[in-house]
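> I am attaching a structure below and will ask some questions about it afterwards.
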Amino acid sequence: MRGIIPFVAGAAIALSAGWAGFPYAIYKSRPQPVDFSHRVHAEKAGAKCEDCHAFRNDGTFAGIPSLDKCTGCHAAAMGTTAAEKNFIDQYVTPQREPQWAAYARQPENVFFSHIAHVKLGQVKCETCHGDQGSTDKLPRYQEDRISGYSRDIWGTAGRPGMTMDNCVDCHRKQKLEREHSCLECHK
Amino acid sequence: MSAKKYGMSIDVDRCNGCGACMVACAVENNIPPAHAGINERKGITWIRVYKVDNGEDYPGKRSAFVPVLCQHCGEHTPCASVCPQQAVDVDPQTGIVGQMPERCLGCRYCMAACPYHARYFNWFDPVWPAGMEKTLNPDVAPRMRGVVEKCNFCHGRLHAAKQRAAAAGTEEIQPGDYVPACVEACPTGAIRFGDLNDAASETAKAAKDANSFRLLEKLGTDPKIYYRSKKDWVRQIASAPKVGQPHENNVGRTPRSARDPLVALLAPARSSAPSSAPLPTRKETLHG
């Protein structure tokens, strides 16, 4: 009996340490280059999603905007926040592109088409990206140390995941006979 | 979207063996430069121009060039039926035979099953010279060592065409909006591409041409690559007999030249031992 208590206690400590420590062991994380706030831009600048996240004429999605979309407004500081000053000093003035990390980035062999979903399918940004378009703070970007994949494709903080199962689930729910072949979504 | 059946018609009489299709294909599909340890059997050429001749000596000698790529078999697709991993599928919407390298376990059963030598194994991890990575095509994912790959009619271009169509608010791709790289590169217009279901398409018409033939039609795999030649000897070279069964075109006809790549490729002997079949040397395949 005396042997069991230390064993159970030891197992509990080892398990909880593993449980808590595992994410740090498997994921490495880094902050985004700029303290960007979607909410500030929606409220103070009245910017719409497509002002920054536009489609090109050939139907491809431009994704995260490049610096030239920002410089029009941020040539000089409009507010007094440290975040804006940092952004201007480090990126706008030296004309340096911020190295954004895309939380939703899929593995290299996945083909995803925004225009098919947003324009033909009328799916809302929020359905797939959750509240990311209206947050005030950018969470740290986490990537799997082994595969290099973003943790977010598995779904985090109440946001939907975007794994192969998730894609297929939605397609099936909408009675879309979509999965004719693997190359439909792979490349 | 109405179901398509993409196919090609290749006019052998127009092919002058320049190899532009092979280069365009390699560039489009992120095929790395040949590894130092590469030999004829280990290289990767989704499309490959073979030189064939009629086996006669001067002055009767005639030769021709035959580009061979995945034939996108529609029936009993040999590679798909043997794959233990379901890494190969035939898209019912397009007829394209797709290969999923990430799903492939590298057993190479499909390579043995393919009657056309159209599948290639990655013996090495891809390596690009410094700086060249920037020129890779983002629409095609590079493959890793240990998996099989092959032509998929430049599927990345199909994706791009679909996106252009979506930008115009439709799912229907216009003919000519989706064309594989080899077709685009061919300087003599020998390779044409189109929808075989669309009776008005040039490819569908060419397929019905009296001079049209397919490689190893007798196997019943229903390939979607139609070849065409006005020359009898060229048309015959493509129709090897069924194994152990003489075919009227082949009675009394031994492979006329053991070095003749298409004969070697298509001779019945190779169906029992594909890897021991004499493969052409590079010199012979292209500029022989």
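In the order they appear, the protein sequences are chains E and Z. Each residue of the first sequence is one higher than the one before, counting from 1 in the numbering used here. Each residue of the second sequence is one higher than the one before, counting from 1 in the numbering used here. Virtual Cβ for every residue (Gly too), placed ideally from N, Cα, C.
Compute the Euclidean distance between the alpha carbons of L136/Z and V49/Z, then round it to the nearest angstrom.
Roughly 24 Å between the two C-alpha positions.
> Are three or more beta carbon pairs between the stretch 33–44 of chain Z and the stretch 59–75 of chain Z nearer than 8 Å?
Counting Cβ pairs under 8 Å, fewer than three are found: no touch.
> In terms of residues, what are the limits of the beta strand (DSSP E) holding F193/Z?
I191 to D195
> Would you mind telling me which residues of chain Z sit closer than 8 Å to K187/E, beta carbon to beta carbon, in chain order?
D139, V140, A141, H155, G156 and H159
> Taking Cβ-Cβ distances shorter than 8 Å, what residues in chain E pair up with A166/Z?
What A166/Z touches in chain E: G59, S113, I115, A116, K119 and L120.
> Return the bridge partner residues of D53/Z from the DSSP annotation.
S63/Z
> Y149/E by DSSP, collapsed to three states: which one?
coil
> So which residues on chain Z does N109/E lean against when the C-beta distance must stay under 7 Å?
E102 and A141
> Given a cut-off of 8 Å, decide if T221/Z and P92/Z are closer than it, judged by their beta-carbon atoms.
no
> Does the distance from the C-beta atom of W100/E to that of Q174/E stay below 8 Å?
Result no, Cβ atoms of W100/E and Q174/E do not sit closer than 8 Å.
> If we call anything under 8 Å between Cβ atoms a contact, is A166/Z one with D139/Z?
Taking a C-beta distance under 8 Å as the contact criterion, A166/Z and D139/Z do not qualify as a contact pair.
> With distances taken from CA atoms, which of N152/Z, K162/Z and R235/Z is nearest L120/E?
Closest by alpha carbon: K162/Z.
> Is it buried or exposed, Q86/Z, if we count other Cβ atoms within 10 angstroms and call 16 or more buried?
exposed
> Do you know offhand how far C182/E's Cα is from E75/Z's?
Roughly 19 Å between the two C-alpha positions.
> Here's a check: name, in chain order, each residue in its chain whose Cβ is nearer than 6 Å to the Cβ of R103/Z, leaving out the five neighbours to either side.
Counting only Cβ-Cβ distances below 6 Å, and skipping sequence neighbours, we find Q85 and A87.
> Is P33/E a contact residue of the ligand ATP, with contact defined as CB to any heavy atom under 7 Å?
Looking for the ligand ATP in the displayed structure turns up nothing, as the structure carries no ligands at all.
> In the stretch 159–183 of chain E, which residues sit with their C-beta less than 7 Å from some C-beta in chain Z, listed in chain order?
Taking 7 Å as the Cβ-Cβ cut-off against chain Z, the residues of the stretch 159–183 of chain E that qualify are H180, S181, C182 and L183.
> DSSP puts V68/Z in a beta bridge; with which residues?
R48/Z
> Which chain Z residues sit within Cβ distance under 7 Å of F55/E?
A167
> Could you give the C-beta distance for D35/E and A83/E, rounded to a whole number, given that I count them as a contact under 8 Å?
Contact between D35/E and A83/E holds, since their C-beta atoms are separated by about 4 Å, short of 8 Å.
> Within 8 Å of any Cβ in chain E, is that where the Cβ of N152/Z sits?
yes
> Quick check on the DSSP output: the alpha helix (DSSP H) that includes D139/Z runs from which residue to which?
Unbroken run through D139/Z: none, as it is neither H nor E.
> Between K28/E, T80/E and H114/E, which lies nearest to E50/E when the distance is taken from Cα to Cα?
H114/E
> Specify the secondary structure class of R105/E as computed by DSSP and reduced to three states.
Coil.
> Taking Cβ to Cβ, would you say M162/E is nearer than 8 Å to A104/E?
yes
> For G72/E, report the span of its alpha helix (DSSP H) as first-last.
In the DSSP assignment, G72/E falls within the alpha helix (DSSP H) that extends over D68 to H74.
> Count the other CB atoms, across all protein chains shown, that sit within 10 Å of the CB of K137/E; report buried if there are 16 or more and exposed otherwise.
exposed
> Kindly list, in the order they appear in chain E, the residues whose Cβ is closer than 9 Å to that of P92/Z.
Within chain E, H180 and S181 have C-beta atoms less than 9 Å from the C-beta of P92/Z, given in sequence order.
> Give the residues of chain E in contact with G98/Z, contact being defined as C-beta atoms less than 7 Å apart.
S181, C182 and L183
> Can you give me the C-alpha to C-alpha distance between H38/E and S66/E, rounded to a whole angstrom?
Cα-Cα distance, rounded: 15 Å.
> Rounded to the nearest angstrom, how far is the Cβ of F124/Z from that of R145/Z, given a contact under 8 Å?
Correct: roughly 6 Å between the Cβ atoms.
> Let me know the secondary structure DSSP gives R41/Z once reduced to three states.
Note: R41/Z maps to coil in three-state DSSP.
> If I follow the unbroken alpha helix (DSSP H) through K208/Z, where does it start and stop?
That run of the alpha helix (DSSP H) goes E202 to K208.
> Which residue wins for smallest C-alpha separation from Y61/E, given the options K124/E, V118/E and C167/E?
The residue you asked about is not Tyr; residue 61/E is Phe in the sequence shown. Closest by alpha carbon: V118/E.
> Using the beta-carbon of each residue, which ones in chain E are nearer than 8 Å to H163/Z?
Here residue 163/Z is Gln; the residue named in the question, His, does not match the sequence. By Cβ distance, chain E contributes D58, G59, T60, S113, I115 and A116.
> Can you name the residues of chain E whose CB is closer than 9 Å to the CB of D89/Z?
Listed along chain E are H180, S181, C182 and L183, each with a C-beta nearer than 9 Å to that of D89/Z.
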